[in-house]
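Chemist:
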Amino acid sequence: DVHDPISGEYSLEVSSPGWDRPFFQLEQLQGYIGQQIALRLIAAVENRRKFQAKLIAVDLENEEIQVEVDGKHVLVIDSNNIDKANLIYQD
């Protein structure tokens with residue numbers, strides 16, 4: 001704090017992935033088991049491409065996830081079928 005390594009004026013910007021954190025790799029989901037996620041799929045599963053579900057398992061070996069949909073049933077989704085995945089913020 002005594003010596004500033006950058007001479008001249010500058011702005012420091014700090015960012016975060018945000019409350020609706022996007023996931024880009026299957027490994028990133030492991031820390032969010034038990035959390036609600038939003039999924040957009042490439043190919044429909046049970047006639048749907050969009051889900052809001054509870055993440056219950058991440059299987060890195062088989063490259064798939066398990067989610068609980070509507071608190072009723074479990075779906076197994078191949079990671080290659082995931083177009084977009086985001087964390088859903090909850091209070």
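So for the sequence shown, the working numbering puts the first residue at 1; every next one is plus one.
Every residue gets a Cβ at the ideal spot worked out from N, C-alpha and C, and that includes glycine.
Everything numeric in this text was worked out from a predicted model, so none of it was measured.
Could you tell me which of Leu-60, Asp-70, Ile-37, Asp-83 sits nearest to Arg-49, measuring between CA atoms?
Modeler: Nearest of Leu-60, Asp-70, Ile-37, Asp-83 to Arg-49, Cα basis: Asp-83.
Chemist: Give every residue of the same chain whose Cβ lies closer than 8 Å to the Cβ of Asp-59, excluding the five residues on either side of it in the sequence, and list them in chain order.
Modeler: Closer than 8 Å at Cβ, skipping near neighbours: Ile-65, Gln-66.
Chemist: Can you grab the Cα-Cα spacing for the pair Ala-85 / Ser-11, in whole Å?
Modeler: Rounded to the nearest angstrom, the two C-alpha atoms are 32 Å apart.
Chemist: Let's see if you can read the secondary structure: which residues bound the beta strand (DSSP E) around Glu-61?
Modeler: Careful: Glu-61 lies outside any beta strand (DSSP E) and carries neither H nor E.
Chemist: If we call anything under 8 Å between Cβ atoms a contact, is Ala-53 one with Asn-81?
Modeler: Against a cut-off of 8 Å, the Cβ pair of Asn-81 and Ala-53 comes out as no contact.
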